[in-house]
Amino acid sequence: MTQISTDDVRYLATLSSLQLEDEEVEALRTDIERILDYVAQLGELDTSGVEPTYQVTDLENVWREDIVNTYGVDREALLALSADIDTKQIKVPKVL
10 MTQISTDDVR
20 YLATLSSLQL
30 EDEEVEALRT
40 DIERILDYVA
50 QLGELDTSGV
60 EPTYQVTDLE
70 NVWREDIVNT
80 YGVDREALLA
90 LSADIDTKQI
100 KVPKVL
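Per this note's numbering, the sequence shown runs over residues 10 to 105.
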């Protein structure tokens, strides 16, 4: 059985930016121990004759050409519509 301390749980909570009550820490510690025990059980299974499953839905990536569509408008025409331009870039007010 894997032993997880409450300090380990608090450290994980800190890394995850979680604030936990003492009861939650203990409950989470128990859950993590059970999960790790289950993973250890899975690690004991003999999977030597099992083919890896990479895709179970038979979906495939659909690829397309990476073509820029300007929709018939060139850069200079768009820049001409802007109120303020600097070195072929549209200047906008700062947003903070």
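Heads up, the beta-carbon is just placed ideally off N, CA and C, and yes, glycines get one too.
Whole-number beta carbon distance between residue j and residue i, since they are thought to touch under 8 Å
| i | j | result |
| --- | --- | --- |
| threonine 11 | alanine 36 | Not a contact, Cβ separation roughly 16 Å. |
| threonine 56 | valine 34 | 35 Å between Cβ atoms; not a contact. |
Buried versus exposed call for residue i [16 or more other C-beta atoms within 10 Å across all chains shown]
| i | result |
| --- | --- |
| valine 59 | exposed |
| arginine 38 | buried |
| valine 65 | exposed |
| valine 18 | buried |
Residues near residue i by beta carbon distance below 8 Å, same chain, minus five either side
| i | result |
| --- | --- |
| isoleucine 94 | Leu88 and Lys100 |
| isoleucine 13 | Arg38, Ile41, Glu42 and Leu45 |
Minimum Cβ-Cβ distance from residue i to chain B less than 8 Å
| i | result |
| --- | --- |
| threonine 79 | Among the chains in the structure shown there is no chain B, since it carries only a single protein chain. |
Close beta carbons around residue i, own chain, < 7 Å, minus the five adjacent residues each side
| i | result |
| --- | --- |
| aspartate 46 | Met10 and Thr11 |
Practice problem: List in chain order: all unbroken alpha helix (DSSP H) runs of 4+ residues lying wholly within the region 57-93. | Solution: 84-89
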